[in-house]
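**Q** Okay, handing you the structure first.
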Amino acid sequence: VRIQDNDLAKELISATLAGNAAAVATLLQAGAPWDALDEHGHSAGAHAIRQRDEVVLQLLVAHGSVSLFQEQNAGQGRGGHFGGENGRYLAQRLRFEGNRILDEECRPIIMDWESPI
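End of the sequence shown = 157 in the working numbering, gap-free, step of one.
Structure below.
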């Protein structure tokens, strides 16, 4: 799989929409954010669900699970989304939009397709 665009999030969305599981796996390994959003605020996972693409969905869920676990362990439970030294993140106001929870910067906190994580 050849990655031609430096915007890995955009490429991940495109690969998901195309149902190209090999490209999705390659992009995730290359550092594409598993929770990438398109210009309409829809995630790669939401697109996979809409298309009923179980293979791509499982790739995204597995990568998201590992990413969250690594983030928690890297900070030994203190950094990232998990607390302690990141008080600003934990103190921010969240916004509910449909079936999504977004942070102050409109990044998803959790979306319906992430419930297996």
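Cβ coordinates follow ideal geometry from the N, Cα and C atoms, glycine included.
1) S54 to A131, Cα distance in whole Å?
2) By a C-beta neighbour count over all protein chains shown, 10 Å radius and 16 as the cutoff for buried, is E125 buried or exposed?
3) Ordered along the chain, which non-local residues of its own chain (more than five positions away) have a Cβ less than 7 Å from that of E133?
4) How far does the alpha helix (DSSP H) with L142 in it extend, from its first residue to its last?
5) What's the call for A49, buried or exposed, on a 16-neighbour Cβ count within 10 Å?
**A** Result, derived from the coordinates:
1) 34 Å
2) For E125, the predicted structure reports a pLDDT of 44, less than 50, and the residue's modelled location is therefore unreliable. A value from the coordinates is still provided. So E125 counts as exposed.
3) Here the sequence assigns Arg to residue 133, which means Glu is not the residue at that position. Cβ neighbours of R133 beyond the five flanking positions: E144.
4) Run containing L142: none in the alpha helix (DSSP H); it sits in the beta strand (DSSP E), 140-142.
5) buried
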